[in-house]
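Q: When you read off a place in the sequence shown, starting at 1, and then add 5, the result is the number in the working numbering. We put the CB at the ideal spot given by N, CA and C, even for glycine.
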Amino acid sequence: MALLEILHYPDPRLRKKARPVTHFDDALRKLVADMLETMYRAPGIGLAAPQINIAQRVVVIDISRENNTPQIFINPEIVESRGKDTMEEGCLSVPDTYDTVERAAWIRVKAMNTNGESFELECEGLLAVCVQHELDHLDGKLFVDRLSTLKRSRIRRKFEKAQRLAL
Ligand code: NI
Numbered sequence: 006m007a008l009l010e011i012l013h014y015p016d017p018r019l020r021k022k023a024r025p026v027t028h029f030d031d032a033l034r035k036l037v038a039d040m041l042e043t044m045y046r047a048p049g050i051g052l053a054a055p056q057i058n059i060a061q062r063v064v065v066i067d068i069s070r071e072n073n074t075p076q077i078f079i080n081p082e083i084v085e086s087r088g089k090d091t092m093e094e095g096c097l098s099v100p101d102t103y104d105t106v107e108r109a110a111w112i113r114v115k116a117m118n119t120n121g122e123s124f125e126l127e128c129e130g131l132l133a134v135c136v137q138h139e140l141d142h143l144d145g146k147l148f149v150d151r152l153s154t155l156k157r158s159r160i161r162r163k164f165e166k167a168q169r170l171a172l
């Protein structure tokens, strides 16, 4: 397994729309294993492939306290959603930044496992938020896009300054 580098906002590569996975092979299983290792090490509860500069529709999530319940979503789609809920969100690509985002309270997600077998899952609470957040990454969207323009430009300035200081 290997640790992968996580891209940080406002890196334009985070804005690419990811392509569906078509090969359910050992390379996909290695990608998933590497993504899980990278997510646990960060530490985070969700990671989407575009965050590690792989433009494929692959998401890993583990909301368990013990980090022993990985959930893998290949080519995920939200097929049904209900209600509204707000939660404080952060993102491994937007470090040390948290804000309240409104999303659907309940969703039904359809996806595939690493063998290409389809499944459906009903989610609410933290899992519903996490799935919606990670699916946004597959379409090049970040949680800061769901904040007010003022808040977003403040965050953007903070990260552009951090980049300059890192030179
Ligand atoms: Ni994120």
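Any heavy atom of the ligand NI within a distance shorter than 7 Å of the CB on Leu-143?
A: no
Q: Excluding sequence positions up to five away, which residues of its chain have a Cβ less than 8 Å from the Cβ of Ala-60?
A: Lys-21, Lys-22, Ala-23, Arg-24 and Ala-54
Q: Is there contact here, the region 149 to 156 with the region 95 to 107, by at least three beta-carbon pairs under 8 Å?
A: These segments touch.
Q: Suppose only complete runs of 4+ residues qualify. What are the alpha helix (DSSP H) ranges in the region 9 to 87, listed by chain order?
A: 31 to 46
Q: With DSSP as the reference, identify every bridge partner of Arg-108, one or two as the case may be.
A: Asp-90
Q: State the start and end residues of the unbroken beta strand (DSSP E) segment that holds Phe-124.
A: 123 to 129
Q: Can we count Cys-96 as close to the ligand NI, meaning its CB is less than 7 Å from some heavy atom?
A: yes
Q: Any idea what DSSP makes of Ala-167, helix, strand or coil?
A: DSSP, reduced to helix, strand and coil, places Ala-167 within a helical segment of the structure shown.
Q: Can you tell me which residues form a DSSP beta bridge with Ala-116?
A: Phe-124
Q: For the putative contact between Ile-83 and Ile-66, defined by C-beta atoms under 8 Å, what is the C-beta separation to the nearest angstrom?
A: Between Ile-66 and Ile-83 the Cβ distance is about 14 Å, and since that is not below 8 Å, they are no contact.
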